[in-house]
Amino acid sequence: PISPSNVNGSAVTDYEIDVDSGAGYATAVDGVGTGTTYVINSVTAGSFRSIKVRAINALGESANTAVVTGTIFSAPGAPTALVVTATSATQLSASWSAPANNGGSALTDYVVEYSSDGGSTFTIANDGVGVSTSSTIGSLSAGTSYLVRVRAKNVVGEGDYTSNVSGTTSNGAPGAPTGLSLTVISS
603 PISPSNVNGS AVTDYEIDVD SGAGYATAVD GVGTGTTYVI NSVTAGSFRS
653 IKVRAINALG ESANTAVVTG TIFSAPGAPT ALVVTATSAT QLSASWSAPA
703 NNGGSALTDY VVEYSSDGGS TFTIANDGVG VSTSSTIGSL SAGTSYLVRV
753 RAKNVVGEGD YTSNVSGTTS NGAPGAPTGL SLTVISS
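Per this note's numbering, the sequence shown starts with residue 603, numbered consecutively.
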């Protein structure tokens, strides 16, 4: 809250915050102070909270502010059912299911990452931004094993990763024959 424009000659000594979580307003226990930020903890993503605040000084309490209502969001859960298959010598295909918990907000993207060193480092696949539950990972090396993981994003940020799933690119077409010779036989 912003400090009241008129404190009638007595400094504000506290702000009381009333929070309604759906069962009626209750005064939040935040201690006595003039801080103008309050964090609401232990809430469920997608739930609503209504808040009103009043200032207190030696002369009494102000009227409440107008009620402010907001939706609580969190980062999404991990996608599920990740499957990775080889589509060529240089590509893997990954598909998954959306997370059971979107954090109360629509998903905005999936981040697909892959590793060729057993998970020590991961590279973000260049698959663009979108909410499709499949991706093609390209520019890979033939006959190489990769770990793949995926996480979802929403307005809050990135959620948890799936478990790592292994996929191996195919070996590719055979190389050109070598040692070709031609023997001329006359008749």
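Glycine included, C-beta positions come from ideal geometry on N, C-alpha and C. Keep in mind it's a predicted model, so treat the numbers as computed, not measured.
The secondary-structure analysis by DSSP pairs Tyr640 with nothing; it has no beta-bridge partner. Pro678 is not a Cβ neighbour of Trp698, given a cutoff of 9 Å. A Cβ-Cβ contact shorter than 9 Å links Thr723 with Ser717. Minimum Cα-Cα distance from Val685 among the listed residues Leu742, Asn610, Thr735 corresponds to Thr735. Your pair Val714 and Ala727 checks out as a contact, with CB atoms roughly 4 Å apart and the cut at 8 Å. Look at Asp729 here: in three-state DSSP terms it is coil, with no helix or strand label. Going by C-alpha positions, Val752 is about 18 Å away from Thr689. The beta-carbon separation of Thr746 and Thr770, rounded to 7 Å, stays under the 8 Å limit for a contact.
By the C-beta density criterion, Val655 is buried, having at least 16 other C-beta atoms within 10 angstroms.
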